[in-house]
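Asker: Numbering (my numbering), first residue to last: 918 to 1220.
Think of the CB as a built atom: it goes at the ideal place given N, C-alpha and C, for glycine as much as any other residue.
Please read through the structure below; I'll follow up with questions.
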Amino acid sequence: MSSEGSTKAILAALTANAGIAAAKFVGFAVTGSSSMLAEAVHSVADTSNQGLLLVGQRSARKAADRLHPFGYGRSRYFYSFVVALVIFSLGSLFALYEGIEKVTHPHELESPVVALVILLVAVALEGYSFTTAMRESRPLKGRASWWQFIRTSRNPELPVVLLEDAGALVGLLFALAGVGLATVTGDAVWDGVGTIAIGVLLGAIAMILIVEMKSLLIGEGATPEQERAIVDALTSADGVERVIHFKTQYLGPEEMLLAAKIAIPPGASATAVADCIDAAEARVREAVPVARVVYLEPDIDRG
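Laid out in structure tokens, this is it:
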């Protein structure tokens, strides 16, 4: 469900960004606007990023093998981390370079109306992509705020697309302001100022994504809600006295590893222990479907 929703959001963003990039390059060729060029490169980076996210999803579907016995689910985290690096290097640094160059060596805009029209069309297309990402994210977001969803989601693609699209919309507003002020005042420095603002914005988004994707790549555990559900499921199984301790880790966005030590009654027969473990495992899978790899160790409660 979440993978399908991620793919829809990625394809919507890829289609929108590819068209926007082409339009912005035409706008730059006509006007010479550095804001337009920075936005064009930004859209090229975003289009490439959507392709990287699709590659990550495809790689994650590879079957487990001897070298990777838990599968390739973390490929989605790796490619999302690469996306964050692309946003920083190709998007942010290029925009900052272009903006500083434009401020120090202003160049009068040609046909600024063309740039404004293209930017307005780009706002509409980015709005479509952003709306699609929000719609696909809502089932996973639940009652959390959008910021909480980005910070806590174990799905890497939707937060990436959400931040990319939000950044693209704000960046377009910066470009509109830069081109508009340069046109009204006759001072092309404003175009460079708008470009620098785009670079700072993309840098901030890239840093957020780098931090979040690094955490997922290293390995995050279950959410507090999932941990409570796991304990409740284990202790509700016949023969389980309590959960001594347990650890979890996401092997991918849709697969979690659970290892737990459970206390069973002293003197229980081997058959009773086996039945207890089977029942507890079934309850965990029912309560937390994403817990697909479950290891339970029975022990006597000596506490």
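Cα-Cα, which of ALA933, ARG991, HIS959, LEU969 is closest to ILE1174?
Answerer: Looking at the sequence itself, residue 1174 is Leu, so the reference to Ile does not match. Out of ALA933, ARG991, HIS959, LEU969, ARG991 has the C-alpha closest to the C-alpha of LEU1174.
Asker: With respect to the beta strand (DSSP E) encompassing PRO1215, which residues constitute its N-terminal and C-terminal limits?
Answerer: Note, PRO1215: beta strand (DSSP E), 1208 to 1217.
Asker: What first and last residue would you give for the beta strand (DSSP E) that runs through ILE1179?
Answerer: Unbroken beta strand (DSSP E) run through ILE1179: 1172 to 1181.
Asker: In three-state DSSP terms, what is LYS1019?
Answerer: In the structure shown, LYS1019 sits in a helix (DSSP, three-state: H, G or I).
Asker: By DSSP, does MET918 sit in helix, in strand, or in coil?
Answerer: Note that MET918 has pLDDT 42, beneath the 50 cutoff, so the model's placement of it is unreliable and no number is given.
Asker: Out of curiosity, what's the CA-to-CA distance linking ASP1149 and ASP1216?
Answerer: Approximately 18 Å, taken between the alpha carbons.
Asker: Measuring CA to CA, which of MET953, ALA1197, ILE1113 is closest to VAL1211?
Answerer: Residue ALA1197 is the option with its Cα nearest to VAL1211.
Asker: From ILE1004 to SER960, what distance separates their C-alpha atoms?
Answerer: ILE1004 and SER960: Cα-Cα distance of roughly 10 Å.
Asker: Comparing alpha-carbon positions, which option in ASN934, ILE1125, GLY949 lies nearest THR1112?
Answerer: That would be GLY949, whose Cα lies nearest to the Cα of THR1112.
Asker: ALA930: which of ALA1041, PHE945, SER1132 sits nearest, CA to CA?
Answerer: Per the Cα distances, ALA1041.
Asker: Taking all protein chains shown into account, decide if GLY973 is buried (16 or more other Cβ within 10 angstroms of its Cβ) or exposed.
Answerer: Buried is the call here.
Asker: Can you tell me which residues form a DSSP beta bridge with VAL1160?
Answerer: According to DSSP, VAL1160 bridges with ILE1179.
Asker: In this structure, how does DSSP classify THR924 when only helix, strand and coil are distinguished?
Answerer: Helix at THR924.
Asker: Answer with buried or exposed for MET918, where buried requires no fewer than 16 other C-beta atoms within 10 angstroms of its C-beta.
Answerer: Here MET918 scores only 42 on pLDDT, less than 50, and its place in the model is too uncertain to base an answer on.
Asker: Should GLN967 be labelled buried (16 or more other beta-carbon atoms within 10 Å of its own) or exposed?
Answerer: When all chains shown are included, GLN967 counts as buried.
Asker: Quick check on DSSP: helix, strand or coil for GLY1097?
Answerer: GLY1097: helix per DSSP, three-state reduction.
Asker: Where DSSP assigns a beta bridge to GLY1169, which residues make up the other side?
Answerer: BP columns for GLY1169 point to GLU1172.
Asker: I need the boundaries of the alpha helix (DSSP H) containing PRO1141, first residue and last residue.
Answerer: Its alpha helix (DSSP H) spans residues 1141 to 1152.
Asker: Roughly how far, in whole angstroms, is the beta-carbon of ALA1191 from the beta-carbon of GLU1158, given that I think they are within contact range, below 8 Å?
Answerer: Actually they are not in contact, since the Cβ atoms of ALA1191 and GLU1158 sit about 17 Å apart, beyond 8 Å.
Asker: When we look at the beta-carbon of LEU1119 and count the other beta-carbons within 10 Å, is it buried (16 or more) or exposed?
Answerer: With 16 or more other Cβ atoms within 10 Å, it is buried.
Asker: Since I believe LYS1019 is in contact with ASP1108 (beta carbons under 8 Å), could you give me their beta-carbon distance rounded to a whole number of angstroms?
Answerer: The pair is a contact, with the Cβ atoms about 6 Å apart (cut-off 8 Å).
Asker: Kindly list the residues whose CB is nearer than 7 Å to the CB of VAL1160, restricted to its own chain and excluding five residues on each side of it in sequence; keep chain order.
Answerer: Closer than 7 Å at the Cβ level, and outside the excluded window around VAL1160, lie VAL1148, LEU1151, THR1152, ALA1177, ILE1179.
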